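What follows is a set of notes on a single structure, which appears directly below.
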Amino acid sequence: MSTAIRPDAAQAISRPSLFGDAVTMTRRNLLRLSRTPQVIVFSTIQPLMFVFLFNFVFGGSIETGVSYINYLVPGVLVQTSLFAGSNTAIGLAQDLESGAIDRFRSLPMRRSAVLIGRTLADAVRSLITAVVVVAVGFALGFRPGGGVLALVAGIALGVAFAHAFTWVFTFMALKVRDVEAVQAAAFIPVFPLVFAASTFAPVENMPEWLQAFASRQPVTLTADTMRALFNGTDLGSSWFWALVWIAGIFAVAATLAVRTFERS
Amino acid sequence: MIHARGIEVSFGSVKALDGVDLLVADGEVRALLGPNGAGKTTLVSVLTTLLTPTAGTAVIDGFDVCNQPNEVRSRIGLAGQYAAVDNLLTGRENLEIVGRLYQLPKAVAKKRASEALERLSLTDAGDRLVRTYSGGMRRRLDLGASLVGRPKVLVLDEPTTGLDPRTRIELWEFLRELVDEGATVLLTTQYLEEADELADEISVIESGRVIAEGTADELKQRMGGDVLVAAPVDRNSLIALCEIVATVTGNEARLTDSGSVSAPVNNKVDSLVRVAAELDRAGIELAEIAIQRPSLDDVFLSLTGDAPTVEES
Ligand SMILES: Nc1ncnc2c1ncn2[C@@H]1O[C@H](COP(=O)(O)OP(=O)(O)OP(=O)(O)O)[C@@H](O)[C@H]1O
Ligand SMILES: [Mg+2]
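Protein chains in written order, with the working numbering: chain P, 194 to 457; chain Y, 40 to 352.
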């Protein structure tokens, strides 16, 4: 029998490659995801419920300037990114508890690849959910008038938004380190961000003090930009501030997360 | 191969390691023997670069665990206390991913994964999800994962805890094969028997310190070695039994409170056979006769009763 253990003298100790390790880790997490399709199913049913409920319950009573379903789909896409973020945190906390992370940390790999792999796999999941939501939106009358390119750009913006926030949840998971606690903690920033925003209704109807917050925060700016792209209306300056928010959140959260992880 | 000096680790006010020195030669199997909370896992974590010590240095194959962690990591294989295998992947996928993270090219990682599965008799289960594995299979797979990088140093934290006796013995046999191939192994255990079976030298660790070091025989010597225990059916024969045991073993025999006789033995099987024969001749019927190996408890009692052998200099 071959000697699987004998130290391999010829084995070149190549420097760990961030790209290669990130690909390996993303692949691992996607494989895991493919083995738990129920996670994808349930995390897709939830936004679909929002689409149905808000469309049929509030659709007639909310004045948005466009058909409500056209207003709603981008809102639900942004909301979903945030709600799904708790999955990122839970997945990472599970890896921390199971000892999987300890194994990775004992390997000659780039440690940040563990986090990159997690967040990239979650971006793929966000994309799947987004496509399903848009498709169901179509069935309910969602008619983006901005053309295919603008539709793709809007979805890409949504995924970028989701990706930036997965780093926030990654950072939270690294700090909290407990599956149940992190699940609860993840919703604390999510609720005010999702509901004090133009997610389901225009901010103009909110009290002024709330508007001050709602109109400047990333959910509103991202949702409004997606709407403008989808509907082919004037982008205004919201696209700029949306990108600033996304880039800023990504930069700060990713730096904090990587630093926390490498020092732990 | 492994050289640690003055390792200290504090978790807040808890001093998990309090000045540990460890020198393990190339090709040696060293057991770290200690009870729960002794600091075994903490020491393993320091040596495998998972934890930075508060004080002290450790060098593996010439590389410092604090300053050259990647060099160290590419030379070690770790199987942690809790099998770190991924339930949602197949056994093969688990191993291939570890191989890739050892920076092996894809084809090599695949080949090594197949090899490791074969060596650990997991080939048939290799393409099943680990979720469907038994505890013993998960342990074996975890061990396999520590082998795909062909490490110079294998670090195994309680590799047989939770295994049934047969699986444990199979794992021992496997570890012996690895050692024959030249691996340096550091393994932790709570069982003297296991350290005895596998290790060249044993470091007894308690409360974050190495309190004794030596071969299994040396340690047992310090505790008086194996003990023969015999109990008669009829308590009135105790004195006669005591005399026979003393004569045969050539050692002082002791009466215990529970109505049995015990005496240290040097030659286990021979003493057992001869005592049984003598008793037969004398017409004394036995309720029980056994050779008891010193337990970890005995080791600790005897060691902590003594003055500690390793003093901080
Ligand atoms: N992360 C931690 N935070 C606080 N204390 C810790 C931590 N890890 C270990 N300890 C403490 O350090 C001591 C040594 O723990 P360690 O896990 O090294 O023991 P062990 O010998 O591996 O025990 P076991 O046989 O139970 O695995 C214990 O008192 C433990 O409570
Ligand atoms: Mg332990």
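A virtual CB, placed ideally from N, CA and C, is assigned to each residue, including glycine.
Model, not experiment: these values are computed from the prediction.
Exercise. How would the residue list near ligand 2 read, in chain order, if you kept each one whose beta-carbon is closer than 7 Å to any heavy atom?
Worked result: Those satisfying the condition are, in chain order, 79(Y), 80(Y), 120(Y), 196(Y), 197(Y) and 227(Y).
For this session: Could you tell me whether any non-hydrogen atom of ligand 1 is closer than 6 Å to the CB of residue 76(Y)?
Result: Within 6 Å of the C-beta of residue 76(Y) there is at least one heavy atom belonging to ligand 1.
Problem set entry | Cβ separation of residue 247(P) and residue 393(P), assumed to be a contact under 8 Å, to the nearest whole Å | Right, the Cβ-Cβ distance comes to about 6 Å (below 8 Å), so this counts as a contact.
Problem set entry | C-alpha distance - residue 333(P) paired with residue 421(P), whole-angstrom precision | Straight-line Cα distance between these residues: approximately 19 Å.
For this session: Please list the segments of the alpha helix (DSSP H) lying wholly inside the stretch 254-291 of chain P, counting only runs of 4 or more residues, in order along the chain.
Result: Those alpha helix (DSSP H) runs which fall completely within the stretch 254-291 of chain P and span 4+ residues are 261-291.
For this session: Counting only runs of 3+ residues fully inside the stretch 248-285 of chain Y, write out the beta strand (DSSP E) ranges in chain order.
Result: Whole beta strand (DSSP E) segments, 3+ residues: 248-253 and 266-271.
Exercise. According to the neighbour-count rule (16 or more other Cβ atoms, all chains shown, within 10 Å of its Cβ), is residue 176(Y) buried or exposed?
Worked result: Note on residue 176(Y): 16 or more other CB atoms within 10 angstroms of its CB, so buried under the neighbour-count rule.
Exercise. By Cβ distance below 7 Å, which residues in the same chain neighbour residue 117(Y) in space, the five residues on each side in sequence not counted?
Worked result: In chain order, 87, 185 and 194 place their CB closer than 7 Å to the CB of residue 117(Y), counting only its own chain and leaving out the 5 sequence neighbours on each side.
Exercise. Can you find a heavy atom of ligand 1 that lies under 6 Å from the Cβ of residue 50(Y)?
Worked result: Yes, the beta carbon of residue 50(Y) sits closer than 6 Å to at least one heavy atom of ligand 1.
Problem set entry | Contact check, residue 414(P) vs residue 435(P), beta carbons under 7 Å | Their beta carbons are under 7 Å apart, which means residue 414(P) touches residue 435(P) by this criterion.
Problem set entry | residue 118(Y): CB within 6 Å of a non-hydrogen atom of ligand 1 | Residue 118(Y): no, Cβ never under 6 Å from ligand 1.
Exercise. Within the chosen definition, does the stretch 363-373 of chain P reach the stretch 246-262 of chain P through at least 3 CB pairs nearer than 8 Å?
Worked result: With the rule of 3 Cβ pairs closer than 8 Å, the stretch 363-373 of chain P does not count as touching the stretch 246-262 of chain P.
Exercise. Which parts of the stretch 195-250 of chain Y are runs of the beta strand (DSSP E), unbroken and 3 residues or longer, counting only runs that do not cross its ends?
Worked result: You should have 223-228 and 240-245.
For this session: Please work out which residues of its chain come closer than 6 Å, Cβ to Cβ, to residue 77(Y), disregarding the five sequence neighbours upstream and downstream, and give them in chain order.
Result: Within the same chain, 244 and 245 come within 6 Å of residue 77(Y) by CB-CB distance, once the 5 residues on both sides are set aside.
Problem set entry | Contact set between residue 292(P) and chain Y, taken where Cβ atoms lie within less than 7 Å | By Cβ distance, chain Y contributes 119, 121 and 123.
Exercise. How big is the Cα-Cα spacing for residue 172(Y) and residue 132(Y)?
Worked result: Residue 172(Y) and residue 132(Y) have their alpha carbons spaced roughly 14 Å apart.
Exercise. For residue 93(Y), which of 58(Y), 236(Y) and 197(Y) has the nearest alpha-carbon?
Worked result: Put simply, of 58(Y), 236(Y) and 197(Y) the residue whose alpha carbon is nearest the alpha carbon of residue 93(Y) is 58(Y).
For this session: Step through the CB atoms of chain P and report whether any lies within less than 7 Å of the CB of residue 301(Y).
Result: So no, residue 301(Y) is outside the interface.
Problem set entry | Residues of its chain near residue 103(Y), where Cβ-Cβ distance is below 8 Å and the 5 sequence neighbours each way are ignored | Within the same chain, residue 103(Y) has close Cβ partners 96, 97 and 111.
For this session: Give the C-beta separation of residue 238(P) and residue 318(P) to the nearest angstrom, bearing in mind that I take them to be a contact with Cβ-Cβ under 8 Å.
Result: In fact, because the Cβ distance is near 14 Å, the residues do not count as touching under 8 Å.
For this session: Whole angstroms is fine: what's the gap from residue 214(Y)'s alpha carbon to residue 241(Y)'s?
Result: Rounded to whole angstroms, residue 214(Y) to residue 241(Y) spans 16 Å at the Cα level.
Exercise. Cβ-heavy atom distance between residue 165(Y) and ligand 3 below 6 Å?
Worked result: For ligand 3, the structure offers nothing, since it holds only ligand 1 and ligand 2.
Problem set entry | Validate contact between the stretch 50-57 of chain Y and the stretch 211-225 of chain Y using beta carbons, cut 8 Å, 3 pairs | Output reads no: the stretch 211-225 of chain Y does not touch the stretch 50-57 of chain Y.
For this session: Classify residue 330(Y) as buried or exposed, calling it buried when 16 or more other Cβ atoms lie within 10 Å of its own Cβ.
Result: By the beta-carbon neighbour count (other beta carbons within 10 angstroms, threshold 16), residue 330(Y) is exposed.
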